Amino acid sequence: MGALSSVAHLEQYPRVNFAPATRATRTKTRVSEPAHKFPPVTSAKQQQLRAAPPAPAPPPMPKTSKLTSVTPLPAGMTRQAAVRFLQDHAAMIDLNPLVTARHRIPAPSEAPPSEAACAWWAVTDRIAYLPGGLATGSVSYRCVFLDLPGVGLQTHCYAPMGVDLRTRWSVGGGGGRGSAPGIGDDASDPTAGLYLCEDTELRCSVIMTAFVKKTLKGAHKRLVESLAQRAVDGLREEEEEEEGGEGRGEREEEREKHG
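See below:
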């Protein structure tokens with residue numbers, strides 16, 4: 000009797016099913032969405048972002064290089080002749096094998112005060128875009144020339160692609176004439192005679208440094224060759240003048256004898 004009353008007492012509570020839930024009875028837990036949603040990116044905005052050009056790469060940092068070249072002048076070259084050649088602006092410009100045209104221009108309005116009274120030149124160079132001369136073009140730039148009396152020449156070139164070139168040519172040495180080194184000479188001591196000193200300050204990007212240095216090296220070689228030719232021509236003219244003077248003296252002596 001007591002057991003039946005206990006069972007009857009339990010039946011008044013709801014029956015609990017402890018069987019595992021089937022796939023049909025399982026419920027999915029929904030993740031609550033944030034209160035603030037970002038606006039969806041529309042197709043028009045996507046196209047605008049895709050069409051936007053990429054940010055330009057920063058330009059390469061400029062590099063400053065200082066070069067000094069000291070070359071003994073050839074035998075027979077006088078200081079006056081060397082300085083005179085250095086102050087021939089057209090001849091100095093033509094030392095660059097890339098030059099195709101050059102002419103004098105007035106100083107631009109933006110010229111620095113220290114260069115406003117100097118000689119300004121417009122120079123055009125030939126450049127090759129592809130090796131072998133398959134594609135060539137030209138670039139123009141301006142150069143400033145300042146004559147240094149009795150010393151030489153100072154130039155400043157505002158070249159394309161941010162190339163800033165300052166060069167000072169000076170004739171030094173204690174001798175009256177140059178003395179080219181030969182057998183038995185001390186070629187390591189350029190002060191034994193006249194010598195040409197070329198001081199260059201180059202400011203440009205790292206990409207252009209090697210090309211500009213190669214061009215400067217070729218121009219310096221042509222400058223020394225031109226000075227050597229000037230020395231030979233000067234000696235020849237002096238010899239002709241001396242021979243002419245001796246001939247005139249002999250003719251005058253003959254006239255006096257016959258007179």
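Following numbering that gives the first Met the number 0, the numbering of the sequence shown begins with 0 at its first residue and continues without gaps. C-beta: ideal position from N, C-alpha, C; glycine also. All values reported here derive from a predicted model rather than from experimental measurement.
In this structure, R141 places its C-beta atom within 8 Å of the C-beta atom of A121.
Taking C-beta atoms as the reference points, L85 and L193 fail to come closer than 8 Å. In the same chain as M207, and ignoring 5 residues on each side of it, the C-beta atoms closer than 7 Å to its own belong to M160, V162, in chain order. Cβ-Cβ distances below 8 Å link A89 to R101 in the same chain, with the five nearest sequence neighbours on each side left out; the list follows chain order. In the three-state reduction of the DSSP assignment, V150 falls in the coil class.
When DSSP states are grouped into helix, strand and coil, E224 belongs to the helix group.
CA-to-CA, the gap between R221 and K213 works out to about 13 Å. The shortest C-alpha to C-alpha distance from A218 to any of T166, T77, V170, G149 is the one to T166. K65 is positioned such that its CB atom lies closer than 8 Å to that of E200. By the 16-neighbour rule on beta-carbons within 10 angstroms, V138 is exposed. DSSP places D87 in the coil class of the three-state scheme, outside both helix and strand.
For G136, the pairing in a beta bridge is given by DSSP as I126. Cα atoms of F144 and E239: separation of roughly 34 Å, rounded to the nearest angstrom. In terms of Cβ geometry, V82 and V150 form a close pair [threshold 8 Å].
Here DSSP, grouped into helix, strand and coil, assigns D232 to helix. Each of A118, L152, G171 was checked against the Cα of T77, and the nearest Cα belongs to G171.
Put simply, the backbone Cα of K62 is about 29 Å away from that of I104. Nearest neighbour of R202 by Cα position, chosen from R229, C156, D146, turns out to be C156. Distances from the alpha-carbon of T67 to those of E236, Q228, S169, L147 put S169 closest.
Here L97 is near R125, since their CB atoms are less than 8 Å apart.
DSSP lists V162 as the beta-bridge partner residues of A158. Here R235 is exposed, its C-beta having fewer than 16 other C-beta atoms within 10 Å. Taking all protein chains shown into account, A209 has fewer than 16 neighbouring C-beta atoms within 10 Å of its C-beta and is therefore exposed. Beta-bridge partners assigned by DSSP to L201: S64, L164.
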